[in-house]
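Protein chains in written order, with my numbering: chain V, 1 to 147; chain U, 148 to 333; chain W, 334 to 452.
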Amino acid sequence: MNPHLVLRVVAKLLIPLIVVFGLYVHFHGDYSPGGGFQAGVIVASAVILYSLIFGLDSAKRAVPTWFVKFLAAFGVLLYGGTGVATWLLGANYLDYDVLHPDLSHHTGQHIGIILVELGVLSTVFAVMMAIFYAFAGRAPDIPEGEW
Amino acid sequence: MEFDWTQLLDYALMAMLLAVGIAIVRLRNLFAAVMLMGVYSLLSAAWFVSLDAVDVAFTEAAVGAGISTVLMLAAMLLTAREAEPVKAARHWAALVVVSVAGAALFYAVGDMPVYGDPNSPANSYVGMDYITSTPNEIAVPNVVTAVLASYRGFDTFGETVVIFAAGLGVMLLLGLRGLKKKEEQK
Amino acid sequence: MEILLLIRDIASIALMAVGIIFVLAGAIGVVRLPDFYTRMHAAGVTDTLGAELIVFSLILQAGFTLLAAKLLLVGFILFLTSPTATHAVANAAHRAGLNPLLSRHQPPHPRDAGNGEAP
């Protein structure tokens, strides 16, 4: 029997919950504490937990390195692109009110904030994963009795 | 003036922060030091909650206590488990720097506003303006999100670029593939 | 109706008090107990039973609100993670070769060995 059986079962139960909580923190950031930064860290911690328990190679199969690189750049581009979109619609840079015609409820602000925070989430998640992959990939394998 | 009993909680948390900080400095075992840094972050998160700064506390708990502990452990595996003892001469230089900085900080305490002062700079100029105009201009219940993502969108963009640059630096210096696969390729 | 509220408050206070007693016992145990495994045993009480009882007491205080649902989720996560963490730490120590302290198998103290008494 695998000595880490309990950890594996509980981790399989918890990792989806952690990711869902991360997304809740992101999309509920308008109403409660949280936002893209915290959400990115939480989602990254779910993948790191997976990597700690099932090994770095399985984590790299789930979240490949090319995807990490893509997300890191995509987040910054999404943030900047939202600003450019407000430019093209005739407002100041990152002035979200023009994104939606419903000015009485400020729907444009909501859309803009969610988009911008999505960019932050993607970049933070990717950078945390990149740092972890870079460090953990170089660490030598520790014999079981070493700890 | 009535005595506010909840401030005792703040003092207790600050005393624990001080104790943990001294323990981190004194410890030679890097594993224990990394763990205590996680404890330090968690304590400061509790302190931020007690100061009603829940957004900051959330970030501190997720980043400081959660992910940076794991990243520090991963970094520690690449180095030794124990720190080398520092030479005594270096201790004196550090003591001088720390004493001067500490004296300067104590000198500056006199200019700090009292805790909860309604006329302090943070509460009087632009901060109040954000709080009063967020419901009309942004219509988002969480003022912190409104300030971070809308009013101060440029600053947050800058932060995102800084994080991206940090990740880029790590990717360029260390690479994402790791050592083992490179050796296999050879 | 007021009787119900009173019962709820009493139950909540009782749960909170028992939870605090468990947390306190765990904290004293971590300081006082002799070896790693017994200390883990004490620490496990703190974040499993103690924290769980405190969360249940808070659920009673919250009533049928969204807050109670969130607290229930917190309790569920604690119920999963705390025993797992205790198990993982104890398992790692066991696999690293740390033996529990057993008083019967202790070698005689050097001080007593000189007395000429057979151990």
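All C-beta atoms, glycine included, are put in the ideal place defined by N, C-alpha and C. A quick note: this is a predicted structure, and the numbers were derived from the prediction, not measured.
| Check | Outcome |
| --- | --- |
| Between which two residues does the alpha helix (DSSP H) carrying Ala312/U extend? | 300–321 |
| Taking a cut of 8 Å between CB atoms, which residues from the stretch 122–141 of chain V lie near chain U? | Thr123, Val124, Ala126, Val127, Met128, Ala130, Ile131, Phe132, Tyr133, Ala134, Phe135, Ala136, Gly137, Arg138, Ala139, Pro140 |
| To which residues of the same chain is Val6/V closer than 6 Å at the C-beta, ignoring the five residues directly before and after it? | none |
| Buried or exposed: which applies to Ile346/W, given that a residue is buried once 16 or more other Cβ atoms fall within 10 Å of its Cβ? | exposed |
| Tell me the rounded alpha-carbon separation between Ala62/V and Leu183/U. | 32 Å |
| For the candidate residues Leu339/W, Ala360/W, Val364/W, Gly383/W, whose alpha-carbon lies nearest to that of Leu348/W? | Gly383/W |
| Strictly below 8 Å CB to CB, what residues from chain U border Ile48/V? | Ile214, Val217 |
| Residues bridged to Glu229/U by DSSP? | Asn176/U |
| Return the residue from the list Val120/V, Phe21/V, Phe132/V that minimises the CA-CA distance to Ala221/U. | Phe132/V |
| Is the CB-CB distance between Glu117/V and Ala296/U below 9 Å? | yes |
| Could you list which residues in chain W have their beta carbon closer than 7 Å to that of Pro3/V, in chain order? | Asn424, Arg428 |
| Of all the options Phe74/V, Tyr24/V, Tyr31/V, Ile18/V, which has the alpha carbon lying nearest to the alpha carbon of Val47/V? | Ile18/V |
| Quick one: what's got a C-beta closer than 6 Å to Asp258/U's C-beta in the same chain, skipping five residues either side? | none |
| Using a beta-carbon distance below 9 Å, is Thr279/U in contact with chain V? | no |
| Sorry if obvious, but does the Cβ on Val41/V come closer than 8 Å to a heavy atom of the ligand SAH? | Ligands displayed in this structure: none; no statement on the ligand SAH is therefore possible. |
| Can you list, in chain order, the residues of the stretch 282–308 of chain U whose Cβ is nearer than 9 Å to any Cβ on chain V? | Asn283, Glu284, Ile285, Ala286, Val287, Pro288, Asn289, Val291, Thr292, Ala293, Leu295, Ala296, Ser297, Gly300, Phe301, Thr303, Phe304, Glu306, Thr307, Val308 |
| For the alpha helix (DSSP H) containing Trp152/U, list its first residue and its last residue. | No alpha helix (DSSP H) contains Trp152/U, which DSSP labels as neither H nor E. |
| Taking 9 Å as the threshold (beta carbon to beta carbon), is Gly257/U in contact with chain V? | no |
| According to the neighbour-count rule (16 or more other Cβ atoms, all chains shown, within 10 Å of its Cβ), is Ile285/U buried or exposed? | buried |
| Cβ closer than 9 Å: which chain V residues qualify as neighbours of Arg237/U? | Simply none; closest approach about 28 Å. |
| Assess, as a yes-or-no matter, whether the stretch 359–371 of chain W is touched by the stretch 395–410 of chain W under the definition of 3 or more beta carbon pairs within less than 8 Å. | no |
| So Ser58/V contacts chain U; which residues on that side make the cut at Cβ distance below 7 Å? | In chain order: nothing, as chain U lies at least about 14 Å away. |
| Output the boundary residues of the alpha helix (DSSP H) element that contains Lys69/V. | 65–88 |
| Enumerate in chain order the residues of its own chain whose CB-to-CB distance from Ile42/V is below 7 Å, with the five nearest sequence positions on each side excluded. | Ile18, Phe21, Gly22, Val25 |
| Nearest to Pro101/V by alpha carbon, out of Leu94/V, Leu89/V, Tyr93/V? | Leu89/V |
| With a threshold of 16 other CB atoms inside 10 Å of the CB of Pro33/V, please say whether the residue is buried or exposed. | buried |
| Cβ of Gly40/V within 9 Å of Cβ of Tyr79/V? | no |
| Would you tell me roughly how many angstroms separate the C-alpha atoms of Leu321/U and Leu225/U, rounded to the nearest one? | 12 Å |
| Since I believe Ala130/V is in contact with Val68/V (beta carbons under 8 Å), could you give me their beta-carbon distance rounded to a whole number of angstroms? | 5 Å |
| Measure from the alpha carbon of Leu315/U to the alpha carbon of each residue in Thr65/V, Pro3/V, Val9/V, then state which is nearest. | Thr65/V |
| Quick one: measure Cβ to Cβ for Val388/W and Val407/W, integer angstroms, because I've assumed they're closer than 8 Å. | 6 Å |
| Who are the near neighbours of Asp202/U in its chain, counting only those whose CB is closer than 6 Å to its CB and skipping five residues on each side? | Val291 |
| Going along chain C, which residues have a C-beta under 7 Å from Leu413/W? | No chain C is present in this structure, whose protein chains are V, U and W. |
| I need the DSSP call for Ser188/U, collapsed to helix, strand or coil. | helix |
| Alpha carbon to alpha carbon, what distance is there between Val351/W and Ala162/U? | 27 Å |
| Return helix, strand or coil for Asp97/V, following the three-state DSSP convention. | helix |
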